[in-house]
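Visitor:
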Ligand code: SF4
Ligand code: SF4
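Residue numbers (full-length UniProt numbering), protein chains in the order written: chain A, 1 to 296; chain B, 1 to 134.
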């Protein structure tokens with residue numbers, strides 16, 4: 001099965017390991033993500049003012065191109081792209097006159113009727129592949145992993161575009177449990193990491209990261225799993241003690257390890273100290289009985 | 001000390017602008033404080049979101065000099081939880097836009113060193129740019 005794939009800038013520039021791992025695990029699951037042609041930056045943040053149509057142009061251009069390419073749906077890995085595209089799609093559906101204005105401004109080039117669907121890869125995994133099929137494909141269950149799923153904001157809020165319960169999300173935890181890991185939880189899993197404030201208000205990010213990592217550790221985690229490349233950057237690079245940082249991994253990388261793919265094909269450095277500590281079983285492919293579900 | 005506040009005297013222009021730009025009707029707020037309680041950055045704010053709304057409604061001075069709406073990262077927690085359906089993140093954006101449109105853009109990334117620019121993910125740079133330009 002094939003589905004159009006929108007990478008977005010950050011996946012290409014700052015998080016290629018997430019893409020490499022995603023393509024690899026989806027191939028294992030029989031799903032081919034083919035990159036759409038002529039994509040552009042989505043604009044990253046959904047424009048919140050009532051009068052700035054121009055800022056919806058970037059995501060609308062993505063949808064218009066998608067339709068020109070004969071696609072009806074598109075999948076993305078990036079939480080911020082997902083959120084921005086999904087919210088622009090709502091504008092397209094609720095305010096068709098705004099699409100008419102964009103069409104006119106673009107000299108009729110950008111013609112979009114709001115009928116495309118944007119999906120996050122986690123939705124494909126949960127709703128189409130299913131946790132049972134993922135679990136069935138596990139070759140090296142991650143029994144030694146005690147993982148803290150960090151959701152952040154853009155997967156969940158606002159509720160009308162979020163892909164899970166905004167207060168008690170389960171998709172990452174369910175996925176980790178399917179891989180045989182123990183799930184460690186806490187109330188900061190859904191709290192913002194500080195996002196783009198890393199550019200010039202680093203103290204806000206550092207404070208959020210410190211609290212989140214401290215909670216994960218206090219609750220017994222030996223790794224953090226997440227989806228958003230900006231959350232990843234903040235949590236991976238802004239921990240106060242880089243020498244003893246809690247490893248931060250994409251769910252796609254952990255899926256790959258559990259599927260028995262070599263770490264190098266998942267954008268993971270081979271057998272680093274951090275990695276050994278968090279994932280000893282991944283390096284010793286033993287037939288270990290699988291857990292049904294991690295601790296909730 | 002007694003402070004008197006005159007309400008309803010003259011037009012509250014800032015409130016009108018904020019309502020027009022945000023599409024939110026601030027009279028709907030019943031000051032429950034849910035927005036402030038759930039904000040991950042409330043400790044860094046110089047006026048909590050519920051108080052900001054109240055200051056706006058009363059037309060109190062100095063609102064545009066506050067840091068609150070710059071500190072807001074648009075995480076949508078407050079907007080999602082508000083029992084009165086107010087999209088507070090949009091109110092914050094309206095205040096940013098009013099400042100930026102009247103006082104000019106101040107993209108933070110112009111002050112970054114080249115090495116920092118290269119290290120930061122594009123989503124951080126573009127988001128920061130968009131939140132700091134009108
Ligand atoms: S949560 Fe809504 S109603 Fe409550 S104080 Fe904030 S804006 Fe007002
Ligand atoms: S949207 Fe802004 S004000 Fe609301 S909770 Fe998030 S950071 Fe705080």
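Yeah, the Cβ is synthetic: ideal placement off N, Cα and C, and Gly gets one too.
Could you check which residue in 244/A, 206/A and 266/A has the C-alpha nearest to that of residue 223/A?
Guide: Here residue 223/A corresponds to residue number 223 of the first chain, with the count starting at 1. The shortest Cα separation from residue 223/A among 244/A, 206/A and 266/A belongs to 244/A.
Visitor: Enumerate in chain order the residues of its own chain whose CB-to-CB distance from residue 79/B is below 6 Å, with the five nearest sequence positions on each side excluded.
Guide: Position 79 of the second chain, counting from 1, holds the residue named residue 79/B. Same-chain partners within the cutoff: 87, 88 and 89.
Visitor: With hydrogens ignored, establish whether the beta-carbon of residue 79/B is closer than 8 Å to any heavy atom of ligand 2.
Guide: The residue given as residue 79/B occupies position 79 in the second chain. Under cutoff, so the answer is yes.
Visitor: Where does residue 333/A sit, in a helix, a strand or coil, going by DSSP?
Guide: Outside the shown range of chain A, which is 1 to 296, sits residue 333/A, and nothing can be said about it.
Visitor: Pick out whichever of 18/B, 133/B and 123/B has its Cα sitting closest to the Cα of residue 229/A.
Guide: By 1-based counting over the first chain, the position of residue 229/A is 229. Of 18/B, 133/B and 123/B, the residue nearest in Cα terms is 123/B.
Visitor: Hey, out of 123/A, 122/A, 134/A and 86/A, whose CA is closest to residue 116/A's CA?
Guide: In the first chain, counting from the first residue as 1, residue 116/A sits at position 116. Closest option to residue 116/A, Cα to Cα, is 86/A.
Visitor: According to a CB-to-CB cut-off of less than 9 Å, which residues of the segment 191-205 of chain A neighbour chain B?
Guide: Here the close residues are 191, 192, 193, 194, 195, 196, 197, 198, 199, 200, 201, 203 and 204.
Visitor: Check the DSSP bridge columns for residue 55/A and list the partner residues they point to.
Guide: As a working note, residue 55/A is residue 55 in the first chain. Paired residues: none, contrary to the question.
Visitor: For a contact defined as C-beta to C-beta under 8 Å, what are the partners of residue 49/A on chain B?
Guide: As a position in the first chain, residue 49/A is number 49, starting the count at 1. Result: 21, 22, 90, 93, 94 and 97.
Visitor: Going by the CB atoms, is the gap between residue 13/B and residue 94/B shorter than 9 Å?
Guide: For the purposes of this step, residue 94/B is identified with residue 94 of the second chain, where counting begins at 1. For the purposes of this step, residue 13/B is identified with residue 13 of the second chain, where counting begins at 1. Taking 9 Å as the Cβ cut-off, residue 94/B and residue 13/B do not qualify as a contacting pair.
Visitor: What does the Cβ neighbour count give for residue 30/B, buried or exposed, with the cut at 16 atoms within 10 Å?
Guide: The count along the second chain starts at 1 and reaches residue 30/B at position 30. Residue 30/B is exposed by the Cβ-count criterion.
Visitor: Return the chain-ordered list of same chain residues with a C-beta closer than 7 Å to the C-beta of residue 59/A, the five sequence neighbours on each side being excluded.
Guide: Translated into positions along the first chain, residue 59/A becomes position 59. Closer than 7 Å at the Cβ level, and outside the excluded window around residue 59/A, lie 42, 43, 84, 85 and 88.
Visitor: Residue 128/B and residue 200/A look like a contact to me (Cβ under 8 Å); what is the Cβ gap, rounded to whole Å?
Guide: The count along the second chain starts at 1 and reaches residue 128/B at position 128. The count along the first chain starts at 1 and reaches residue 200/A at position 200. Yes, residue 128/B and residue 200/A are in contact; Cβ-Cβ is about 7 Å, under 8 Å.
Visitor: Going by the C-beta, is residue 73/B closer than 8 Å to any heavy atom of ligand 2?
Guide: Locating residue 73/B in the second chain gives position 73, counting from the first residue. Yes, since a heavy atom of ligand 2 falls inside the 8 Å radius drawn around the Cβ of residue 73/B.
Visitor: In this structure, how does DSSP classify residue 18/B when only helix, strand and coil are distinguished?
Guide: By 1-based counting over the second chain, the position of residue 18/B is 18. Reduced to three states, the DSSP call for residue 18/B is helix.
Visitor: Roughly how many whole angstroms lie between the Cα atoms of residue 120/A and residue 77/A?
Guide: Taking the first residue of the first chain as 1, we reach residue 120/A at position 120. Taking the first residue of the first chain as 1, we reach residue 77/A at position 77. Roughly 6 Å separates the two Cα atoms.
Visitor: Going by the CB atoms, is the gap between residue 106/A and residue 57/A shorter than 9 Å?
Guide: For the purposes of this step, residue 57/A is identified with residue 57 of the first chain, where counting begins at 1. For the purposes of this step, residue 106/A is identified with residue 106 of the first chain, where counting begins at 1. A contact, by the Cβ cut-off of 9 Å.
Visitor: For residue 149/A, verify whether its CB is less than 8 Å away from any heavy atom of ligand 2.
Guide: The sequence position of residue 149/A within the first chain is 149, counting from 1. No.
Visitor: Between residue 121/B and residue 55/A, what straight-line distance do the alpha-carbon atoms span, to the nearest angstrom?
Guide: Translated into positions along the second chain, residue 121/B becomes position 121. Translated into positions along the first chain, residue 55/A becomes position 55. Cα to Cα, residue 121/B sits roughly 20 Å from residue 55/A.
Visitor: According to DSSP, is residue 298/A part of a helix, a strand, or is it coil?
Guide: This structure does not reach residue 298/A, given that chain A is present from 1 up to 296, and the question cannot be answered.
Visitor: So if I threshold CB-CB distances at 8 Å, which residues from the segment 164-178 of chain A count as touching chain B?
Guide: Those would be 166, in chain order.
Visitor: Kindly provide the ranges of any beta strand (DSSP E) runs that are 3 or more residues long and lie completely inside the UniProt domain "Cysteine-rich" (3-85) of chain A, ordered along the chain.
Guide: For the UniProt domain "Cysteine-rich" (3-85) of chain A, whole beta strand (DSSP E) runs of length 3 or above, ordered along the chain, are 32-35 and 73-76.
Visitor: CA-CA distance, residue 198/A and residue 2/B?
Guide: On the first chain, position 198 is the one that residue 198/A refers to. On the second chain, position 2 is the one that residue 2/B refers to. Spanning the two alpha carbons is a distance of roughly 42 Å.
Visitor: Applying the 10 Å Cβ sphere with the 16-neighbour rule, what's the burial state of residue 83/B?
Guide: Indexing the second chain from 1 puts residue 83/B at position 83. Exposed, because fewer than 16 other Cβ atoms sit within 10 Å of the Cβ of residue 83/B.
Visitor: What runs of the alpha helix (DSSP H), each 4 residues or longer, lie entirely inside the segment 167-218 of chain A?
Guide: Correct list: 171-178 and 202-218.
Visitor: Given a cut-off of 9 Å on the beta-carbon distance, is the pair residue 226/A and residue 112/A in contact?
Guide: Here residue 226/A corresponds to residue number 226 of the first chain, with the count starting at 1. Here residue 112/A corresponds to residue number 112 of the first chain, with the count starting at 1. Not in contact: residue 226/A and residue 112/A (Cβ atoms no closer than 9 Å).
Visitor: In chain B, which residues lie less than 9 Å from residue 57/A when you measure between Cβ atoms?
Guide: Indexing the first chain from 1 puts residue 57/A at position 57. None at all; the shortest Cβ gap to chain B is about 13 Å.
Visitor: Mapping DSSP to helix, strand and coil, what is residue 249/A?
Guide: For the purposes of this step, residue 249/A is taken as residue 249 along the first chain, with counting starting at 1. Residue 249/A: strand per DSSP, three-state reduction.
Visitor: Could you confirm whether any beta carbon from chain A is found closer than 9 Å to the beta carbon of residue 83/B?
Guide: Looking up residue 83/B in the second chain gives position 83. Closer than 9 Å: no.
Visitor: Using alpha carbons as the reference points, say which of 214/A, 101/A, 7/A and 104/A lies closest to residue 62/A.
Guide: For the purposes of this step, residue 62/A is taken as residue 62 along the first chain, with counting starting at 1. The shortest Cα separation from residue 62/A among 214/A, 101/A, 7/A and 104/A belongs to 7/A.
Visitor: Taking only runs of the beta strand (DSSP E) that begin and end inside the segment 96-142 of chain A, which ones reach a length of at least 3 residues, in chain order?
Guide: Runs found: 117-120.
Visitor: Counting only Cβ pairs nearer than 8 Å, list the residues of chain A close to residue 35/B.
Guide: Within the second chain, residue 35/B is the residue found at index 35, counting from 1. Result: empty, since nearest Cβ-Cβ is about 13 Å, beyond 8 Å.
Visitor: State the DSSP-derived secondary structure class of residue 147/B, mapped to helix, strand or coil.
Guide: Coverage of chain B is limited to positions 1 through 134, which leaves residue 147/B absent and any answer about it impossible.
Visitor: Given 8 Å as the limit, tell me if residue 305/A has its C-beta closer than that to any heavy atom belonging to ligand 1.
Guide: No information on residue 305/A is available, as it lies outside the stretch 1 to 296 that chain A covers here.
Visitor: Could you compute how far the alpha carbon of residue 291/A sits from the alpha carbon of residue 176/A?
Guide: Numbered from its first residue, the first chain carries residue 291/A at position 291. Numbered from its first residue, the first chain carries residue 176/A at position 176. Any reading at residue 291/A needs caution, since the residue's pLDDT is 35, under 50, leaving its predicted position unreliable; the model's value is listed next. If you take the alpha carbons of residue 291/A and residue 176/A, they lie about 11 Å apart.
Visitor: Would you mind stating whether residue 310/A and residue 246/A have Cβ atoms separated by less than 9 Å?
Guide: There is no way to answer for residue 310/A, as the model of chain A reaches only from 1 to 296.
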